[in-house]
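Contents: one structure, followed by commentary.
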Amino acid sequence: MNPTLLSPEGLSGLVFLGLVAVTICGAVIATAAKRLIRCLTGLVACFMGVAGLYYYLGSPFVAMMQLLIYVGAIAIVIAFGIMLAEPDEAKLVKKKSGLSGVLSLIAGSAVAWGLAVAALRADWMSPAVKLNDGSVRDVGMSLLTTYSMVFELVSVVLLVAILGSLALARTGRDKE
Amino acid sequence: MLNLSAQLNTYLVIGAMLFGFGVCGLIRRPTLIGMLIAAELVLCGASINFMAFNHFLAPDPTVGQIMTLFIMAIAAAEAAIAMSILVCIYRDYKSIELENLEELSG
Chain S
1 MNPTLLSPEG LSGLVFLGLV AVTICGAVIA TAAKRLIRCL TGLVACFMGV AGLYYYLGSP
61 FVAMMQLLIY VGAIAIVIAF GIMLAEPDEA KLVKKKSGLS GVLSLIAGSA VAWGLAVAAL
121 RADWMSPAVK LNDGSVRDVG MSLLTTYSMV FELVSVVLLV AILGSLALAR TGRDKE
Chain G
1 MLNLSAQLNT YLVIGAMLFG FGVCGLIRRP TLIGMLIAAE LVLCGASINF MAFNHFLAPD
61 PTVGQIMTLF IMAIAAAEAA IAMSILVCIY RDYKSIELEN LEELSG
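One line per chain: the protein sequences are S and G, in this order. Be aware that the first sequence starts at 1, since it is given in our numbering, and climbs by one per residue. Be aware that the second sequence starts at 1, since it is given in our numbering, and climbs by one per residue.
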């Protein structure tokens, strides 16, 4: 049952382990690094690992969207924010009492442990009959038939977000 | 060890870990940008769960992918709004440290 290391399955398993390592290390850096720009780099590494996991989950389309939207857009927006107002986080963390670090660690690990135990203990129903194979064609079909309303609503949400951020960032500009 | 990629539990545990890291960062970070980064981690953990259930259990394997795409769109909108709020706050307070924003609390 267990594939050998040099068979194709074994090599793909090895790549998978590498992707998991990249994801977890990126998340650790994003949470624990002192300077914000390093947090952002860790976040980008984590997103790339997650894109690889999506590829293993059988949807290269969502993996590409993950790279395009998260790494290409959101990370860049956050980088602009850091360039605009880089605070000295190292000093701030030191100024905060040591209790908050311990408390955050406890809270985070409690949440992760609870979710993981709940997921491992649950008795998931055996896979039902698949209606389709989840290819890009099927995703497009259901986006334009079953989920067309939600699709339109999401585009309205994005439009409102763009307009809202423009309006928010513009006010106060000509007052000074 | 090498066939971990074919098991549902692997992905669920990874998703739970990312969620936990995000919660930890949300509490720990003293600035708004750090909290935004942690919130993205939380959303990412949720999307991994959707994709895992989609691949292994869902009868229609497009639902999870579409949900993940919607989560990405919401995350992008959230980042844009958060950034412009941040610009506003920076203009008024000349800093984005949470300590200086205490007078904003109800």
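For glycine and all other residues, C-beta sits at the position ideal for the given N, C-alpha and C. Being a predicted model, the structure only gives us computed values, none of them experimental.
Sequence-distant residues of the same chain with beta carbon closer than 7 Å to asparagine 54/G, five excluded per side: Residue mapping note: residue 54/G aligns to position 54 of the second sequence, counting from 1. Once the five neighbours on either side are set aside, the close Cβ partners of asparagine 54/G are Pro61, Val63, Gly64, Gln65.
Per-residue DSSP class, three states only, for threonine 68/G: Locating residue 68/G in the second sequence gives position 68, where the first residue counts as 1. Note: threonine 68/G maps to helix in three-state DSSP.
Spatially closest choice to alanine 118/S from Val13/G, Leu4/G, Ala6/G, by CA coordinates: Here residue 118/S refers to the residue found at position 118 when the first sequence is read from its first residue. Minimum Cα distance to alanine 118/S is reached at Val13/G.
Would DSSP call threonine 23/S helix, strand or coil? Locating residue 23/S in the first sequence gives position 23, counting from the first residue. If DSSP states are grouped into helix, strand and coil, threonine 23/S belongs with the helices.
What residue range is occupied by the uninterrupted alpha helix (DSSP H) comprising valine 154/S? Mapped onto the first sequence, residue 154/S falls at position 154. DSSP places valine 154/S inside the alpha helix (DSSP H), whose first and last residues are 148 to 170.
When the Cα of isoleucine 48/G is compared with those of Met35/G, Thr68/G, Ala38/G, Ile37/G, which residue comes out closest? Working through the second sequence from its first residue, we reach residue 48/G at position 48. Taking isoleucine 48/G as reference, the option from Met35/G, Thr68/G, Ala38/G, Ile37/G with the minimal CA-CA separation is Thr68/G.
C-alpha distance - cysteine 39/S paired with serine 135/S, whole-angstrom precision: Taking the first sequence and counting its residues from 1, the one referred to as residue 39/S is at position 39. Taking the first sequence and counting its residues from 1, the one referred to as residue 135/S is at position 135. Taking the straight line from one Cα to the other gives about 34 Å.
Any idea which residues DSSP pairs glutamate 99/G with across the strands? Numbered from its first residue, the second sequence carries residue 99/G at position 99. Its beta-bridge partners do not exist; DSSP assigns none.
Ignore the nearest five residues each way along the sequence and tell me which others in asparagine 100/G's own chain have a CB closer than 6 Å to its CB. Mapped onto the second sequence, residue 100/G falls at position 100. Excluding positions up to five away in sequence, the list reads Tyr93.
Nearest chain S C-beta to glutamate 102/G closer than 9 Å, yes or no? As a first step, residue 102/G must be located in the second sequence, where it is residue number 102. Chain S contact via Cβ: absent.
Between the stretch 40 to 53 of chain S and the stretch 30 to 48 of chain G, do three or more beta carbon pairs fall short of 8 Å? yes
Run through chain S and tell me which residues come within less than 8 Å of serine 5/G, C-beta to C-beta. Position 5 of the second sequence holds residue 5/G. Result: Ser12, Gly13, Phe16, Tyr56.
Residues of the stretch 24 to 50 of chain S with Cβ closer than 8 Å to any Cβ of chain G, in chain order: Ile24, Ala27, Val28, Ala30, Thr31, Leu36, Cys39, Leu40, Leu43, Cys46, Phe47, Val50
Can you tell me which of the three DSSP states threonine 31/G falls into? Within the second sequence, the letter at position 31 stands for residue 31/G. Three-state DSSP puts threonine 31/G in a strand.
For proline 3/S, which residues of its own chain have a beta-carbon under 6 Å away from its beta-carbon, when the five flanking residues on both sides are left out? On the first sequence, position 3 is the one that residue 3/S refers to. Around proline 3/S: Glu9, Gly10.
If the cut is a Cβ gap below 7 Å, which residues of chain G does leucine 120/S touch? Your numbering for residue 120/S matches position 120 in the first sequence. The answer, in chain order, is Asn9.
Does the beta-carbon of isoleucine 33/G have 16 or more other beta-carbons within 10 angstroms, so that it is buried, or is it exposed? The count along the second sequence starts at 1 and reaches residue 33/G at position 33. It is buried - the Cβ of isoleucine 33/G has at least 16 other Cβ atoms within 10 Å.
Could you check whether the Cβ of lysine 152/S sits closer than 9 Å to any Cβ belonging to chain G? Counted from its first residue, the first sequence places residue 152/S at position 152. The sequence given here has glutamate at residue 152/S, not lysine. No, because no Cβ of chain G sits closer than 9 Å to the Cβ of glutamate 152/S.
Below-9 Å beta-carbon distance, serine 105/G vs any chain S residue: For the purposes of this step, residue 105/G is taken as the residue at position 105 of the second sequence. Taking Cβ atoms only, chain S never reaches closer than 9 Å to serine 105/G, which makes this a no.
Cβ contact (3+ pairs, closer than 8 Å) linking the stretch 75 to 84 of chain G and the stretch 158 to 165 of chain S: Taking 8 Å as the limit for Cβ pairs, the verdict is that the stretch 158 to 165 of chain S does touch the stretch 75 to 84 of chain G.
Nonlocal neighbours in the same chain, by C-beta distance under 7 Å from valine 71/S, ignoring five residues either side: Taking the first sequence and counting its residues from 1, one reaches residue 71/S at position 71. Answer for valine 71/S: Val44, Phe47, Met48, listed in chain order.
Do you know offhand how far arginine 121/S's Cα is from cysteine 24/G's? Position 121 of the first sequence, counted from the first residue, corresponds to residue 121/S. Position 24 of the second sequence, counted from the first residue, corresponds to residue 24/G. Distance between the alpha carbons of arginine 121/S and cysteine 24/G: 24 Å.
Check aspartate 60/G in the structure and name its three-state DSSP category. Against the second sequence, residue 60/G aligns to sequence position 60. In this structure, aspartate 60/G counts as coil in the three-state DSSP scheme.
Cβ separation of leucine 57/G and tryptophan 124/S, assumed to be a contact under 8 Å, to the nearest whole Å: In the second sequence, counting from the first residue as 1, residue 57/G sits at position 57. In the first sequence, counting from the first residue as 1, residue 124/S sits at position 124. A Cβ-Cβ separation of about 6 Å places leucine 57/G in contact with tryptophan 124/S under the 8 Å criterion.
Could you name the residues of chain S that alanine 39/G contacts, counting a contact when the two beta carbons are closer than 9 Å? In the second sequence, counting from the first residue as 1, residue 39/G sits at position 39. Correct list: empty, because the minimum Cβ distance to chain S is about 11 Å.
Which residue's Cα is closest to the Cα of leucine 115/S: Ala16/G, Leu43/G, Ile74/G? The residue you call residue 115/S lines up with position 115 of the first sequence. Selected option, being the one with the closest Cα: Ala16/G.
Taking methionine 35/G as the query, report the chain S residues whose CB atoms sit under 7 Å from its CB, ordered along the chain. In the second sequence, counting from the first residue as 1, residue 35/G sits at position 35. The contacting residues do not exist; methionine 35/G stays about 11 Å from chain S at best.
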